[in-house]
Each structure stands twice: as structure tokens, then as C-alpha cells.
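Q:
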Amino acid sequence: MIDWRALPSLPALRAFDAAVRTGSYSEAARTLNVTHAAIAQHVRALEKHFGQTLMTRAGQGMAPTPEGALLATHLTEGFGTIAAGCARLSDITAMRPFTLSCTLAFAENWLMPRVSDFWAKHPDIELAILPNNALVNFKTDLVDCAVRYGHGAWPGLTAMPLLTGEFIVVAAPQLAPAQPVGNMAELGDVVWVTNDIPGEHHVLVRDFGFHAPDIRMRTFATNGLVLAAVRSGLGFSIQSRSLIGRDLADGTLVEVFAKPTEGLGYWIVHPEGAETQRLRLFKRWLLSHA
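By UniProt numbering, the letter at position 228 of the sequence shown is numbered 228, and the numbering carries on one by one without gaps.
Here is the structure:
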């Protein structure tokens, strides 16, 4: 086990390594983007730590003493090992697919109709899509990014708004009322189609003012099946407008009633400070389609 307390500071070792490689405190300072005085101070700190002179003047520059040369050799090997390990890890990360976790509804209704554009623009990035309604654990799951529905407040995670979260009541054209619906009470006797994902009933009951015993419900396993049922005229459904834009545009579904849901929406989520190049590209692509 390494006793870190017995070692000099890493900035001092980096400064000394740069001074030996460049043969100049000034060049070392430019390499590390610090001042000449900072390099000299770090070298003096190392000399005090080891109780030996490590650098000496050599003409217009600086050169290591025999003791300094010994230290420099080990630093070169050590920093080289660290650099190789970091490069290896970067290669492994780049080799594995970029993994997105998202809800089934988002994957089926928003992502899949658009994802071919991402593959066309970024053929070098292998994208793995994990549709799952459970919240992802970034510490244990090999997931780079998630798209989740909510208010955007997840501790320890960065959340960027992607799609607004207005819910609307939709139905097939043959079921839609002939006259505009003024309030939800007018739809109290229709058949509702929903999925059995936890929380869906709460949206219907809480946000739209119904009482569970008073509604007739047909339940399916996924939102994709729900939409297939609604398109076939099997009932009414409450859906996120942002996920069914194409159905509304081509007339497959008709908007019956709208209910603004303040603060809710789909968010791009990832751990704080974990933004890789692949993540930046994927976020930029998602936002370009929002």
C-alpha cells in the first residue's frame, strides 16, 4: 500500500519533470501554464523534501544533478505508466457502445422514428438503446446517458430539458366528439386506455380530476400497445403531446382536450462532470430534433 503522506505533492513532481525535460524553468512554466516562480518554488520544495540538490545551472538553462536525474527517470516511467493506463481506459470506453437508457414510451414514439438520422450523421458511434421504465443507476449500470420524464430534479445528476410535458386527451377520429370538449366531466363515461406502468393511473386520476372507481379502463403492458389500441378506436388515452406529434399531424389521432402540466417534461440526464465527446455529440443531436 502506498503511503501518500510520505510522497511529495503531484504538482511539484510534474513541475520537476517538466523542468528536466525542457532544461529551463521558463519553458517548463509555459508547458504547464504556470509562472517561472511557481516552477522554481516546486523544485525547492522537492529539494527540501529529499534533503538534496536536484537541479543546477547549466549555461543558460538548468540541468538535473545525478540525484535529480535518478528521480527524473522514475518520474518518466511512472507518468508513462499512468498515461498508458488512461489511454487504455479511454480506448475501452470508446470501444463499448454509447448506451442510452430511456422510457419505453420515449423509445417507441419519439426516438425510433428519428434514430436513423443519428446513425447517418455519426456512423462511428455505436448506440445501444435500453428501454426501461426503471430509473437508471449510473454508478452500477453501464449507461452513459438517460432520457427521463419528470421535473428535472435528480440529486447528483445534470438534467437538461428536452421536450415539454403537456398531456392531452386523444382518440381515433371515429371516436372523437363532434363538438369541442369544454371540460373533462364531459368524458366521464368513455373507455380509457392506459398501461400498467406504476404512476400512469395517478396521472389520470390526480391531474385530470377523475376518481378511479368511476372510470372504465382497458390496460395494456406498454405505451406502444396503448397507442395501437387507441389508433384502432378502442378508447381514449392521455398522452404526452411531444411523443405523438406525428399521429396528430397525419390525423391518425385527434386531440380532444389539453391539460397543461407545469414543470414536467422529458430531460437529458447524466452524472455531473461526466461529459465525454460522445455524450456532447448525442446531446446536440437530441436537441436538434426537439
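Backbone N, C-alpha and C define an ideal beta-carbon position, used for all residues, glycine too. As the structure is a prediction and not an experimental result, all values here were calculated from the model.
From T172 to H270, what does the alpha carbon distance come to, in whole angstroms?
A: Within the sequence shown, the letter at position 172 stands for residue 172. Within the sequence shown, the letter at position 270 stands for residue 270. The sequence shown places Ala at residue 172, rather than the Thr named in the question. About 37 Å.
Q: Closer than 6 Å by C-beta to G68: which residues in its own chain qualify, once you throw out the five before and the five after it? Chain order, please.
A: Against the sequence shown, residue 68 aligns to sequence position 68. Cβ within range, chain order: L54, M55.
Q: Alpha carbon to alpha carbon, how far is A274 from L135?
A: For this step, residue 274 is matched to residue 274 along the sequence shown. For this step, residue 135 is matched to residue 135 along the sequence shown. Spanning the two alpha carbons is a distance of roughly 18 Å.
Q: Rounded to the nearest angstrom, what separates W192 and Q179 at their Cα positions?
A: Walking along the sequence shown from the start, residue 192 turns up at place 192. Walking along the sequence shown from the start, residue 179 turns up at place 179. Distance between the alpha carbons of W192 and Q179 is about 19 Å.
Q: Would you tell me roughly how many angstroms separate the C-alpha atoms of A38 and A29, rounded to the nearest one?
A: In the sequence shown, residue 38 corresponds to position 38, counting from 1. In the sequence shown, residue 29 corresponds to position 29, counting from 1. Going by the C-alpha atoms only, they are around 8 Å apart.
Q: For V169, which residues does DSSP report across the bridge?
A: The residue labelled residue 169 in the question sits at position 169 within the sequence shown. Assignment of beta-bridge partners to V169 by DSSP yields I238, F257.
Q: So for P131, helix, strand or coil by DSSP?
A: To locate residue 131, count along the sequence shown from 1; it is residue 131. It is a strand residue.
Q: So, does the stretch 69 to 88 touch the stretch 109 to 118, judging by three or more C-beta pairs under 8 Å?
A: no
Q: Within 10 angstroms of the Cβ of Q239, are there 16 or more other Cβ atoms? Answer buried if so, exposed if not.
A: To locate residue 239, count along the sequence shown from 1; it is residue 239. Classification of Q239: buried, given that the 10 Å Cβ count is 16 or more.
Q: Cutting at 6 Å between CB atoms, please list the residues of its own chain near V20, excluding the five before and the five after it.
A: Residue mapping note: residue 20 aligns to position 20 of the sequence shown, counting from 1. Only P64, A72 meet the Cβ criterion.
Q: Determine the contact status of D196 and A221, defining contact as a CB-CB distance below 8 Å.
A: Numbered from its first residue, the sequence shown carries residue 196 at position 196. Numbered from its first residue, the sequence shown carries residue 221 at position 221. Contact: yes.
Q: Just mark D247 as buried or exposed, buried being the case when its beta carbon has 16 or more other beta carbons within 10 Å.
A: Numbered from 1 along the sequence shown, position 247 holds the residue referred to as residue 247. Looking at its Cβ environment, which holds 16 or more other Cβ atoms inside 10 Å, D247 is buried.
Q: Which class does L162 belong to by DSSP, given the choice of helix, strand or coil?
A: Sequence index remark: in the sequence shown, residue 162 carries index 162 (1-based). The answer is strand: DSSP assigns L162 an E or B state.
Q: Closer than 7 Å by C-beta to F208: which residues in its own chain qualify, once you throw out the five before and the five after it? Chain order, please.
A: Counted from its first residue, the sequence shown places residue 208 at position 208. So the list reads M184, I238, K259, once near-sequence residues are dropped.
Q: Going by DSSP, what residues sit across from F220 in a beta bridge?
A: If you number the sequence shown from 1, residue 220 lands on position 220. N195.
Q: So does M112 have its beta carbon nearer than 7 Å to some heavy atom of the ligand SAH?
A: The model depicted lacks the ligand SAH and carries no ligand whatsoever.
Q: Around the C-beta of T103, are 16 or more other C-beta atoms found within 10 angstroms, so that it is buried, or is it exposed?
A: Sequence index remark: in the sequence shown, residue 103 carries index 103 (1-based). By the 10 Å Cβ count, T103 comes out buried.
Q: Roughly how many whole angstroms lie between the Cα atoms of A6 and F50?
A: Position 6 of the sequence shown, counted from the first residue, corresponds to residue 6. Position 50 of the sequence shown, counted from the first residue, corresponds to residue 50. When only Cα atoms are considered, A6 and F50 end up about 11 Å apart.
Q: Ignoring anything shorter than 3 residues, give me the beta strand (DSSP E) runs that lie fully in the stretch 89 to 126, in order along the chain.
A: 98 to 102
Q: Over the uninterrupted beta strand (DSSP E) stretch that includes G245, give me the two end residues.
A: One-based indexing of the sequence shown puts residue 245 at position 245. Premise fails: G245 lies in the alpha helix (DSSP H), 245 to 250, not in any beta strand (DSSP E).
Q: Any idea what DSSP makes of L157, helix, strand or coil?
A: The residue given as residue 157 occupies position 157 in the sequence shown. Correct three-state label for L157: strand.
Q: Would you call the CB atoms of L281 and I129 closer than 8 Å?
A: By one-based count along the sequence shown, residue 281 stands at place 281. By one-based count along the sequence shown, residue 129 stands at place 129. Cβ distance not < 8 Å, so L281 and I129 don't count as in contact.
Q: In the DSSP assignment, what are the bridge partners of V147?
A: Along the sequence shown, read from residue 1 onward, the residue named residue 147 stands at position 147. V147 pairs with C102, I268.
Q: In chain order, what residues of the same chain lie with their CB nearer than 7 Å to the CB of Q52, ignoring the 5 residues before and after it?
A: Against the sequence shown, residue 52 aligns to sequence position 52. Contacts found: E67.
Q: Could you check which residue in G251, R241, P8 has the C-alpha nearest to that of E166?
A: Along the sequence shown, read from residue 1 onward, the residue named residue 166 stands at position 166. Selected option, being the one with the closest Cα: R241.
Q: Can you tell me where the alpha helix (DSSP H) holding T65 begins and where it ends?
A: Working through the sequence shown from its first residue, we reach residue 65 at position 65. Looking at the DSSP string, T65 is not in any alpha helix (DSSP H), and its letter there is neither H nor E.
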